[in-house]
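J.:
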Amino acid sequence: MEAFGLLLYGFGVLLTWKVLALMLVGLVLGIFVGVLPGLGGPNGVAILLPLTFTMDPTSAIVMLSCIYWGALFGGAITSILFNIPGEAWSVATTFDGYPMAQQGKAAEALTAAFTSSFIGSLVAVLLITFLAPGIASFALRFGPPEFFAVYLLTFCSFVGLGREEKHKTLISMALGLLLAGVGMDTVSAQLRMTFGWSELYRGINFLVAVIGLFGISEILLTMEERLALRGHAASISLRVVLRVWMDLPRYWVTLIRSSVIGCWLGITPGGAIAASFMGYNLAKRFSDDKDSFGKGRIEGVFAPETAAHASGTSALLPMLALGIPGSGTAAILLGGLMVWGLNPGPLLFVEHKDFVWGLIASMYLGNVVGLMLVLTTVPVFASVLRVPFAAIAPMIVVSCAIGAFAIQNAMFDIWLMLGFGVLGYVFKKISIPLAPLTLAMVLGSRAEDNFRLSMIGANGDLRVFWSNGLVGSITTLALVLLFWPAISRAIALVRK
Amino acid sequence: MARSDEEIVVGDPAAPPVESAPVASTRSVELAVYLCLLGLAALLAFDNWRTGIGWESTGPKAGYFPFYLSLILAAASLFGIAKELVVRGRGSEAFVTRDQLGRVLQVLAPTIAFCALTQFLGLYVASFLLIAGFMGYVGRIAWWKSIATAFVFSALMFVTFEIAFDVIMPKGPVEALFGR
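Residue numbers (my numbering), protein chains in the order written: chain E, 1 to 496; chain R, 1 to 180.
(1) So is residue 104 (chain R) in contact with chain E if we call contact Cβ pairs under 7 Å?
(2) Within a Cβ cutoff of 8 Å, which residues of the same chain sit near residue 13 (chain R), ignoring the five residues on either side of it in sequence?
(3) Are any of the Cβ atoms in chain R nearer than 7 Å to that of residue 185 (chain E)?
(4) Would you report the Cα separation of residue 473 (chain E) and residue 448 (chain E), rounded to the nearest angstrom?
(5) Got a sec: is the Cβ-Cβ distance from residue 63 (chain E) to anything in chain R below 7 Å?
(6) Let me confirm a value: residue 383 (chain E) is counted as buried when at least 16 other C-beta atoms fall within 10 Å, else exposed. Which label applies?
(7) How would you list, in chain order, the residues of chain E whose beta-carbon sits under 8 Å from the beta-carbon of residue 62 (chain R)?
(8) As a quick exercise: from E:477, E:119, E:288 and E:213, pick the residue whose alpha carbon is nearest that of residue 414 (chain E).
(9) With DSSP run on the structure shown, which of helix, strand or coil describes residue 340 (chain E)?
(10) Count the other C-beta atoms from every protein chain shown that fall within 10 angstroms of the C-beta of residue 56 (chain E), then say buried if there are 16 or more, exposed otherwise.
(11) Across the segment 18-32 of chain E and the segment 56-70 of chain E, are there enough close Cβ pairs to call them in contact, namely three or more that are closer than 8 Å?
(12) What residues from chain R crowd round residue 411 (chain E), counting only those whose CB sits closer than 8 Å?
(13) Please classify residue 426 (chain E) as buried or exposed, where buried requires at least 16 neighbouring CB atoms within 10 angstroms.
(14) Report yes or no: do three or more beta-carbon pairs, one from the segment 158-173 of chain E and one from the segment 390-406 of chain E, lie closer than 8 Å?
(15) For residue 331 (chain E), I'd like the list of residues in its chain whose CB is within less than 7 Å of its CB, leaving aside the five on either flank, ordered along the chain.
(16) Rank E:243, E:136 and E:66 by C-alpha distance to the C-alpha of residue 298 (chain E) and give the top, closest one.
(17) Is the beta carbon of residue 348 (chain E) sitting closer than 7 Å to the one on residue 339 (chain E)?
(18) Using a Cβ-Cβ distance under 7 Å, would residue 180 (chain R) count as near chain E?
(19) Would you mind working out which of E:80, E:464 and E:191 sits nearest residue 149 (chain E), comparing C-alpha positions?
(20) Locate the beta strand (DSSP E) running through residue 52 (chain E), then write down its first and last residues.
(21) Is residue 259 (chain E) helix, strand or coil when you go by DSSP?
(22) Can you have a look at residue 185 (chain E) and say buried or exposed, based on whether 16 or more other CB atoms are within 10 angstroms of its CB?
(23) Provide the residue span of the beta strand (DSSP E) that contains residue 379 (chain E), from first to last.
(24) Residue 122 (chain R) CB to nearest chain E CB: under 7 Å?
(25) Apart from the five residues on each side of it in sequence, which residues of its chain come closer than 7 Å, Cβ to Cβ, to residue 477 (chain E)?
(26) Look up residue 297 (chain E) in the DSSP assignment and say whether it is helix, strand or coil.
(27) Label residue 66 (chain R) either buried or exposed according to how many other C-beta atoms from any shown protein chain fall within 10 Å of its C-beta, with 16 as the threshold for buried.
(28) Three-state secondary structure (DSSP) at residue 460 (chain E)?
(29) Residue 408 (chain E): which of E:90, E:8, E:199 and E:19 sits nearest, CA to CA?
(30) Taking beta-carbon pairs under 7 Å, can you tell me which members of the segment 392-403 of chain E lie near chain R?
(31) Looking only at its chain, what residues have a beta carbon closer than 6 Å to the beta carbon of residue 134 (chain R), apart from the 5 residues adjacent to it on each side?
(32) With a CB to CB cut of under 6 Å and the five nearest residues on each side skipped, what residues in its chain are close to residue 124 (chain R)?
(33) Would you kindly work out how many angstroms separate the C-alpha atoms of residue 99 (chain E) and residue 220 (chain E), rounded to a whole number?
(34) Please classify residue 246 (chain E) as buried or exposed, where buried requires at least 16 other C-beta atoms within 10 Å of its C-beta.
(35) Taking Cβ positions only, does residue 21 (chain E) come closer than 7 Å to chain R?
(36) Provide the residue span of the beta strand (DSSP E) that contains residue 22 (chain R), from first to last.
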């Protein structure tokens, strides 16, 4: 019950007027960002990050994570009312959510979506509360070889398990690792890949890249797709909410199944997208009435939303305990940690108790407050969509520029952001995934440092990665995952 | 019961015809990107080789890691090129049509201008000009609305960042006008 005491301590950190106010501001901004076309969780968090630069780390993470919860809630509004998934993981929500809205049951669909997101997140937060401290204290025994092995595992599982074409994932990841290496080498203090260009000496900042890749490129894509919306307005009455909640127990199997899938795929880098589809498909497969899915069945909203949010939230578990982000947004939050002067990794649980438990407590409170907020304010936020895109687009561009500049006070970074924006646009259109690039940029230098430290410790002997049971099994697992497509094909051949 | 029969419809006044000639096929853009990446990989590999890719007493030199990464990048790009060339007959869909390209440039060109203006006039002036100009020209929104929105937004940003959150932005010659 140690976790329980620490959680109470976290609530103690949280319950000041300042932090509570920031939380509310974060949630409102987040829902706003989630509803706006062309912006979603990761972009919203990246663009609003500079607001937190001068805050103390705890207030900063509380506000940022609330922006994230808000964006997740907001994404459901557009999926259901307008059939526009704000994020790839809301796609499955539109399957039954939009038909429900068409049948005049928009309020039920929204309530179902918000409630199931809440349940999914809650399960994931419980998991984080009770599992993360244990994993972190276990990871305290890690040395450089173990850390490198874990990073390797993350990279390899992206390549091996990702659904994109392998060479595209590999390109994205190698490019990210290379970009992370530009500038001063941390081990030998030598400059590399700068070509004598002084602007590159300080390296290419990860957050600048993210703002360009997700913010600017999204504006270009939205503009290209010609934005015309047609959707339903809705307001939620207390009676509808209570009716949906009364019905909830009937769907307990779906809710639990989706939560488990979500948590599993969130911790391993499977991601919320896979989770939402898997949640939906399994709910359909185990249903007695398969044909009613896709025609406005409430279960078809419960299943993907629960899974997506369980996954999105539990992606923070490896970030907190090991310093490895399980999703794009987690990677940006990790970038934030470094800006605020914290060193991500298992030591956080020892050295920055305020921060870690404040964050975990804010996940509980943020989700409860967020749920109340969206249930009561849906009409207000849905009307945000009436604001013409021609007004929103330049405002987003300005916010992106402010964000990019503020990170290092460098004009060069604004140009860099623009370059990454165009790169992101082209990559998205030829389906080179951006998540591996983001992950590689944020983890690149630490992976390299740990590799080189291990090499120094072992006098350049690669066998150090198999020197004990723990590091050996992680490294082996990484290699197995890397070659998983080939291995699974071989197994299939043998079975024949 | 919710009032869900009510609809929100957001049209686009500048919506052009859907039919439009493709400017480039996805396949040719993909090939071009692979070639660029291949060139980049070669350049980086050369630079890292110059930095040193060997091992010294304290482990690998600074260029070791990135050198092999450039090789991986080159190999993956070559694979992509080979795949595009070998797998023929695949429907070559449009990467971007003329109409889409026009719309993308409509937002990209002002963004580039905005970045340049930020460098010389400071962020807030550039922000005002971008928003007012974009709303007026591209969105065809009434000028008084565009200018008012741009002013309010820029002022709001100024108050939020410079005053409330202490995040200092470039302000160019405008700052001197205020005698600071």
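Glycine included, each C-beta is placed from N, C-alpha and C at the ideal position. Bear in mind the structure is a predicted one, so any value in this text is a computation, not a measurement.
T.: In short:
(1) Yes, residue 104 (chain R) counts as interfacial toward chain E.
(2) Since pLDDT at residue 13 (chain R) reaches only 46, below the 50 mark, its modelled position is unreliable, and the value read off the structure follows with that caveat. If we look at residue 13 (chain R) and ignore the five residues flanking it on each side, its Cβ neighbours are 139 and 140.
(3) Interface with chain R (7 Å Cβ-Cβ cutoff): residue 185 (chain E) is included.
(4) Spanning the two alpha carbons is a distance of roughly 20 Å.
(5) No, residue 63 (chain E) lies away from the interface with chain R (no Cβ there is under 7 Å from its Cβ).
(6) Counting other Cβ atoms within 10 Å of its Cβ, residue 383 (chain E) stays below 16 and is therefore classed as exposed.
(7) Taking a Cβ-Cβ threshold of 8 Å, the residues of chain E close to residue 62 (chain R) are 185, 187, 188, 190 and 192, in chain order.
(8) Of the candidates E:477, E:119, E:288 and E:213, the one whose C-alpha sits nearest the C-alpha of residue 414 (chain E) is E:213.
(9) Assignment of residue 340 (chain E) by DSSP, reduced to helix, strand and coil, places it in the coil class.
(10) That one is exposed.
(11) Yes, since at least three Cβ pairs between the segment 18-32 of chain E and the segment 56-70 of chain E fall closer than 8 Å, the two stretches touch.
(12) Under the 8 Å cutoff, chain R gives 118, 119 and 170.
(13) It is buried - the Cβ of residue 426 (chain E) has at least 16 other Cβ atoms within 10 Å.
(14) Contact between the segment 158-173 of chain E and the segment 390-406 of chain E is absent: fewer than three C-beta pairs spanning the two stretches fall below 8 Å.
(15) Sequence-distant Cβ neighbours of residue 331 (chain E) in its own chain, meaning closer than 7 Å and more than five residues away, are 325, 438, 439 and 442.
(16) It is E:243 whose Cα lies nearest to the Cα of residue 298 (chain E).
(17) With contacts defined by Cβ atoms closer than 7 Å, residue 348 (chain E) and residue 339 (chain E) do not form a contacting pair.
(18) Residue placement at residue 180 (chain R) is poorly supported in this model, since its pLDDT is 47, which falls under 50; the coordinates still yield a value, given next. Taking Cβ atoms only, chain E never reaches closer than 7 Å to residue 180 (chain R), which makes this a no.
(19) Closest option to residue 149 (chain E), Cα to Cα, is E:464.
(20) Per DSSP, residue 52 (chain E) lies in no beta strand (DSSP E) segment and is marked neither H nor E.
(21) In the displayed model, residue 259 (chain E) falls within a helix according to three-state DSSP.
(22) Looking at its Cβ environment, which holds 16 or more other Cβ atoms inside 10 Å, residue 185 (chain E) is buried.
(23) Counted as a single uninterrupted DSSP element, the stretch harbouring residue 379 (chain E) is not any beta strand (DSSP E) but the alpha helix (DSSP H) occupying residues 353-382.
(24) Closer than 7 Å: no.
(25) Cβ neighbours of residue 477 (chain E) beyond the five flanking positions: 153.
(26) Per DSSP, reduced to three states, the secondary structure at residue 297 (chain E) is coil, with no helix or strand assignment.
(27) Residue 66 (chain R) comes out buried.
(28) The answer is coil: DSSP assigns residue 460 (chain E) none of H, G, I, E or B.
(29) Minimum Cα distance to residue 408 (chain E) is reached at E:199.
(30) Listed by position along the chain: 393, 394, 395, 397, 398, 401 and 402.
(31) Excluding positions up to five away in sequence, the list reads 110.
(32) Only 154 and 158 meet the Cβ criterion.
(33) Between residue 99 (chain E) and residue 220 (chain E), the alpha-carbon positions lie close to 29 Å from each other.
(34) It is exposed - the Cβ of residue 246 (chain E) has fewer than 16 other Cβ atoms within 10 Å.
(35) Taking Cβ atoms only, chain R never reaches closer than 7 Å to residue 21 (chain E), which makes this a no.
(36) Per DSSP, the continuous beta strand (DSSP E) segment holding residue 22 (chain R) begins and ends at 22-25.
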